[in-house]
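Numbering (the working numbering), first residue to last: 21 to 178.
Virtual Cβ for every residue (Gly too), placed ideally from N, Cα, C.
The structure appears right after this line, and notes come after that.
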């Protein structure tokens, strides 16, 4: 699949999901999907797991700048370097998540989070599709690196 199309598809999926959630739920309102999953709208001014949530206006623009720099770097790598298939997919997913949350933070000053998993007394942090893309991208990247390492170690033993 074309890198640009895949990237645009993921960013649009993230942004559309946030758009529809904001249209359907008020801040702090939840809607039960399954016994372990709610749609629960919150506005996150921090980063992952609400870290740096009290950064104020300077914190917002510091985060925007850092995420923008990472996105520019990933874009450069993706479109100038020869990458393995899964390495490319992983970086595209990380980039799409970064762009999705960067759009929110730049336009609104916060990230729209709404996916809430829980089980019995355990409640996971509320997140969005961009966060999911970043997490899955990092996992794919790590697995790809491990496979490359295992294959190179196996070739050395032969």
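- If only complete runs of 3 or more residues are kept, the segment 131-158 shows the beta strand (DSSP E) at 131-139, in order along the chain.
- If you draw a straight line from the Cα of residue 138 to the Cα of residue 26, it comes to about 30 Å.
- In the three-state DSSP reduction, residue 26 falls in the helix class (H, G or I).
- For residue 47, there is no enclosing beta strand (DSSP E), as DSSP marks it with neither H nor E.
- Burial is judged here by how many other beta carbons sit within 10 angstroms of a residue's own beta carbon; residue 34 has at least 16 and is buried.
- Secondary structure note for residue 103: it is in no alpha helix (DSSP H), with a DSSP letter that is neither H nor E.
- By the beta-carbon neighbour count (other beta carbons within 10 angstroms, threshold 16), residue 92 is exposed.
- Spatial neighbours of residue 88 in its own chain (CB-CB distance under 7 Å, excluding positions within 5 residues in sequence) are listed in chain order as 122.
- Residue environment analysis places residue 157 among the buried positions, since at least 16 neighbouring C-beta atoms fall within 10 angstroms of its C-beta.
- Taken through DSSP and simplified to helix, strand or coil, residue 99 comes out as helix.
- Between residue 48 and residue 32, the gap from beta carbon to beta carbon reaches 9 Å or more.
- Scanning its chain for C-beta atoms nearer than 8 Å, with the 5 sequence neighbours on each side dropped, one finds around residue 148 the residues 34, 37, 38, 120, 121, 131, 132, 133, 134, 135, in chain order.
- For the options 28, 170, 126, the alpha carbon positioned closest to that of residue 84 is the one of 126.
- The Cβ neighbour count for residue 143, taken over all protein chains shown within 10 Å, is under 16; the residue is labelled exposed.
- Of all alpha-carbon atoms in 57, 170, 22, the one lying nearest the alpha-carbon of residue 145 is that of 57.
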